[in-house]
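Engineer: Take the sequence shown: its position 1182, counted from the start at 1, is 1182 in our numbering, and no numbers get skipped.
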Amino acid sequence: MTWFNDLSIRVKVLSISLLSLFGFLLYLGINYYATRDVAGHLQQLQNSDVPALQLINAQTAQVGVVRDSYARAMSGRDTAMLANAESAATALQAQLSQALSADTRAEQLRLLDSFREYNRYANTLARDVISGRLSADESNQRMQVLGQLQRDFDSQQESFKADVYEGFSKKIGDVRQRNDDVWMLGLILGTVLAVVVLALTWLITNRMIIRPLTHAVEASNKIAEGDWSISIVTAARDELGNMLHSIQKMRDRLKSRFDEDRRAERIKTTVAELANQMRGELSLDQLAENILNYLVPALRGQVGLFYLPDGKELVLKGTYAFTWRKNLSNRIPMGEGLVGQAAMEKKQIVLTRVPEDYIVVSSGLGETTPRHIVVTPILHEGELCGMLEVGALDSLGPEELEILKLSVEHIAIAVNSALSRMKLSEMLQQTQRQADLLKRQQDDMQAINDDLEEQAQALLTSEMKLQEQQDELRKANEGLEEQAQALRASEESLQAQQEELRVINEELEAQAKLLADQRNELLEKNEALHASQQVLEDKTKALEMSSKYKSEFLSTMSHELRTPLNSILILSNSLADNKHGNLSEKQIEHARVIHSAGSDLLTLINDILDIAKVEEGKMQLMIEPLDVSDLAEHLRRNFEHVAQHRGLQFHVNVAEGTPPTLFTDRQRLEQVLRNFFSNAFKFTHQGSVSLNIGPAPEGIKFKRIQASQGPVIALAVKDTGIGVPQDKQDLIFEAFQQADGTTSRKYGGTGLGLTISREFSQLLGGEVHIFSEGEGTGATFTLYLPAGSPVAAQDEAADRQPAEMVRMAASTFAALSETASRTGGQKTLLIIEDDENFADVLGELASEFGFRSVTAHDGESGIDMAREARPDAIILDIGLPGIDGWAVLEQLKNDAVTRDIPVHCFSGHDESAKALRMGAIAYYKKPATLDQIKEAFGTIESQTEHGIRRLLVVEDNSVQHSAINALFEDSHVDVTVCTTGQEALDALLRESFDCIVLDLSLPDMDGFSLLETIHENDAYPNVPVIIYTARDLAREEEAKLRKYADRIILKTDQSADRLLSEASLFLHWIESKEPAKSRQNDASSHRDDVFAGCKVLLVDDDMRNIYALSATLEEWGCEVQMANNGLESLEALDSNPEINIVLMDIMMPEMDGYEAMKRIRAQERFKKLPILALTAKAMRDDRAKCIDAGANDYITKPVDTEKLQSLMRVWLKRP
């Protein structure tokens, strides 16, 4: 059966099928022949016995007819009836003469003879009776004889009939018996064949298919469990045999791959540990020592040397187990020896069979010579930055060489970083020197400018003289013309005047020569002026480059300072919390002092960056209306407790006649006043500090403020402190300067506060004045600002900085509306407010208005509740703990689930423009009166009462009609279309609408006229308006539209989506189908269950940051995985795709955070992975760059752990 085992499974299955088919055909054949036999017997019955039965039945009736005919013929002496009898008898004889079966042939012939005899006698008797030749006696006698013949025929007929029936019954029984025998034979034969076929099939399948499959499954399970020793045996060459051979190959390859992975893991671990040894700000000597101390044992080496290039030589920087000898030097020229040659070629050299006197490995027991030497150059971007020499007693295997190859790359980066730090320190010193030089150059440039002005003045004087001489020359020419005419009139007069003409010509020649000299002198001065201008342009470019270098330096130093500061603040804060309870009070106080000092350093860094932003014109302003009384009250609340703490009187006064509103940037204004207050409280030990706000006094001379700017407000901070000497009043506004600048000064501080205040005041269009009579008399710092108007403030801010950086307050747009409540008929109101008392008041009022209120006391839980409950409206406080109300509002409007919920904001600051611009529908300033709060609830109630929203489209283009209808087709919005302005006005009087979409080009009136009519006539309702037009609007037209319209959309290929989005804000027809979930205890939202088991990928190249942040994250319950650069972060995500969130540093070697985030977002599986950017860069546009690169949010170093916790909680809870 070996040949059968080698057949394929297909052939084996086919063989079994053929065997089964053969048995079935054999069974059919036997059954067919048996059935044919039975059919033959039945055919025989049909051919012989059935006709006999038919004959018997027919002759019985025919005999009756013959007898009856003879009887009638004799009784009636009817010859016709006799003829009938004869014909019937003839027919009967013919029937009896038919050939039947051989079994009945003899009986049939006897029956025929008996009938013939009867018929002959009856015919003779009938004829005699009919002829009358017989007497009665003879007739009776002969009738008796006829009766006897009749009885004999009947007896003979019954005997024949009995024989025929008996034979037929016997044959039927034989056929039935034969049929039973055939059925029984088929049953037995079919059963035997089925059993044989099934037995053969099972035997073949079990031995040649099932057993090999079972063996294959067992082998696969063993391999899956990691048992590589499983024996796989097969002799067959069919598919199962091939499969077992494949499993055997798979086992061998998996074992090989497993061994290779283990080897690669060892290599990777070794290289990672080496990188860990090189972390930190190490000197070159420390770095060399750490490299050799770890790498040489890892390579199974016994001795090692580390060199650094120094010009055309290599300098020995570190050794491991090296024994110095007299003939060796610590400096090796390039190209000399193995080390020098490898350095020059930048290739690795491996030396075997080392001479006995080359180098020794010594210990306390003795010394020996290494047998193998490996000299490896360390290259960074193709440049040599070091040499590594390792000696080993045994040869280095492939694994050790691979470790060395990978380690060299990390060593090169570490060495290059150390060299960069050295160069950066040198550049810092050089930058300081360049700054001093630049100051001197600026002084020289000023002197040159003065000289140029003097030269320009002299040049102007020369030009005036030249003009006068040209006038004189013209007059002389006119005189010559007159003299020429006189000469033509009279020759005699010409003769007399020749001498005079000669004299005049000589004078003209002298004047022409003088004119030429002056022109040459003018050309030379012009050339000198051009040269001076070129020098000035070159110096200006140099100044711009210096400013650029300064910005780059500030950005770099911000990173370098914030990076260590991050670790200081995080770890000191963690120590101060003393969560493990193992620190003394003194140690806790030390930690708090460290944290306080770090915070002060961070403030100093921020101040320096603020100055840099102002100097570069990159400080961003937000001009908005500011209530002066609100500002005064806010400052009084903030500084009153400071005055009480220092035992000083504190007053805030607003003079009569002060404009109620000031258009400025509130944040910058408050920062200037805080700096004034800070100095006042610091330098005042007794007496008072006061703020006086009022119109500027008459007679003040301003340097920057023009009279055309309107009224000027003075904000004066006055103190009774130490005062400022007259000679120091200008000095204190310079950076890092104080009135007392000695090393023994009494008061601390950086001296940046007043510098920032001066720069901010100029940026706001104002100026700062100081008044102090001298030491001990106190001082008054006054900020003068023009009250201005919104337009004037905007134009002035635009003159001081790029237009795109000025964010003016947007006009208030109409309130949004929402569909009917989704909470079983009762409307739901979410209150996000940290003041529990105010939240209770809002909750009670909500109940009065028929709302079911849900309260959240922080931004994170508020966002979660909004997503889960889908309330009908939200009341949001701006000043929240953790993430503030602005961040909550931004996330609500960026989330598709909560985007369309109307939000009403409450805040102590007047920032309505910002709130409305971010998507809020109403803004209320605290403290709000009860009537204002009820008005807000009335607005919310009216917004939730309507069902289907109604939209009025004013557009004369039928194509646009169809497009807008199709846009809102599935939105449950009733769209009414008007083609003219008058139709729109009539529709507004006739019906109510929730929003208007208006085209400016109408047949009867333009859109401006229509808007003015609606705005000026109280009969028309106040409905939100969206301008949807293809017209290119001028600035004046757009400004005019902003007075009446809430949105302006220009028709483009993509404008339809924006129209749908903007209209949905006003119509608010997007409705969630999900039921609101019941709220649990509010405190549950503050639990940190979200961090339990959370897998965090921390990407940072600074070991101190990794240590500090990982310790904090682990305390929160997170599982932290670390990566040192962008490349490692990609590898970490590939190997661990279940990471929940990524904390990404920006400035890293090999691959920075921007590139890493872009590559992460390029993978579809990480599209929604939360990424938080952590960076020490704090310059302009850093946040935008991080968001564009793929970050979800941004946090600057030093990291505020509470803010980090809030951000992580928000993004981890997002769906």
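We put the beta carbon where it would ideally sit given N, CA and C, even for glycine.
1) Are the stretch 652–672 and the stretch 700–707 in contact at 8 Å, needing three or more beta carbon pairs?
2) Report yes or no: do the stretch 286–306 and the stretch 397–411 share at least 3 C-beta pairs separated by less than 8 Å?
3) DSSP three-state call for Asp-181: helix, strand or coil?
4) Helix, strand or coil for Gly-1126 per DSSP?
5) If we count the other Cβ atoms within 10 Å of its Cβ and call it buried at 16 or more, is Pro-1198 buried or exposed?
6) Rounded to a whole number of angstroms, what is the C-alpha to C-alpha distance between Ala-787 and Thr-720?
7) Put Thr-323 into one of helix, strand or coil per three-state DSSP.
8) Excluding the 5 residues preceding and the 5 following Ala-839 in the sequence, name in chain order all residues of the same chain whose CB lies nearer than 8 Å to its CB.
9) Can you list, in chain order, the residues of its chain with a C-beta nearer than 6 Å to that of Gly-824? Leave out the 5 residues immediately preceding and following it.
10) Once you ignore the five residues that flank Arg-950 on each side, which residues in its own chain have a CB closer than 6 Å to its CB?
11) Assuming His-380 and Ile-413 make a contact with CB atoms under 8 Å, what is their CB distance in whole Å?
12) Using a threshold of 8 Å, state whether the C-beta atoms of Val-689 and Phe-681 are closer than that.
13) So, helix, strand or coil for Ser-688, using DSSP?
14) DSSP on Phe-1220, reduced to helix/strand/coil?
15) Tell whether a beta-carbon distance below 8 Å holds between Leu-648 and Thr-684.
16) Please name the residue, chosen from Tyr-1020, Ile-1014, Asp-999 and Pro-1021, that lies closest to Leu-1033 on a Cα-to-Cα basis.
17) Excluding the five sequence neighbours on either side, which residues of its own chain have a C-beta within less than 7 Å of the C-beta of Asn-578, listed in chain order?
18) I need the DSSP call for Ala-716, collapsed to helix, strand or coil.
19) How is Cys-995 classed by DSSP in three states: helix, strand or coil?
20) Under three-state DSSP, which class holds Met-387?
21) Which runs of the beta strand (DSSP E) at least 3 residues long sit entirely within the stretch 832–909? Give them in chain order.
22) Determine the DSSP secondary structure at Phe-968, reduced to helix, strand or coil.
23) Does the pairing of the stretch 312–323 with the stretch 1139–1153 give three or more beta-carbon distances under 8 Å?
24) Could you tell me if Glu-656 is buried or exposed, where buried requires 16 or more neighbouring beta carbons within 10 angstroms of its beta carbon?
25) Drop a sphere of 10 angstroms on the beta-carbon of Glu-1071, count the other beta-carbons inside from all chains shown, and report buried for 16 or more, exposed for fewer.
26) So what does DSSP say about Ala-922, is it helix, strand or coil?
27) Between which two residues does the beta strand (DSSP E) holding Arg-668 run?
28) Check whether the Cβ atoms of Val-415 and Ile-378 sit closer than 8 Å, and answer yes or no.
29) In the DSSP output, which residue or residues are listed as bridge partners for Gln-649?
30) Shortest alpha-carbon distance to Ala-418 belongs to which of Leu-876, Asp-956, Cys-385 and Gln-348?
31) What does the Cβ neighbour count give for Ile-1146, buried or exposed, with the cut at 16 atoms within 10 Å?
32) Would you please verify whether the beta carbon of Thr-270 is less than 8 Å from any beta carbon of chain E?
33) Is Leu-876 near Val-903, with beta carbons less than 8 Å apart?
34) Determine contact between the stretch 261–268 and the stretch 281–293, defined as no fewer than three beta-carbon pairs at a distance below 8 Å.
35) Under 7 Å Cβ to Cβ from Ala-122, same chain only, skipping five residues before and after it: list those, please.
36) Indicate the three-state DSSP secondary structure (helix, strand or coil) for Met-580 in the structure shown.
Structural biologist: The structure says:
1) no
2) yes
3) helix
4) helix
5) buried
6) 28 Å
7) coil
8) Ile-831, Glu-833, Thr-855 and His-857
9) At Gly-824, the pLDDT of 42 sits below 50, so the modelled position is not reliable and the matter cannot be decided from this model.
10) Asp-974, Phe-993 and Asp-994
11) 7 Å
12) yes
13) strand
14) Residue 1220 is absent from the structure shown; the chain starts at 1 and stops at 1215.
15) yes
16) Asp-999
17) Ile-588
18) strand
19) strand
20) strand
21) 851–856, 873–877 and 903–907
22) coil
23) no
24) exposed
25) Interpretation of Glu-1071 is limited by its pLDDT of 37, a score under 50 that renders its predicted location unreliable; no figure is taken from the coordinates.
26) strand
27) Where Arg-668 is concerned, there is no enclosing beta strand (DSSP E), although the alpha helix (DSSP H) it sits in stretches over 666–683.
28) yes
29) Ser-688
30) Cys-385
31) buried
32) Going by chain labels, chain E is absent from the structure shown, which holds only one protein chain.
33) yes
34) no
35) Tyr-70 and Leu-146
36) In the sequence under discussion, the amino acid at residue 580 is His, which differs from the Met named in the question. Here His-580 sits in coil by DSSP.
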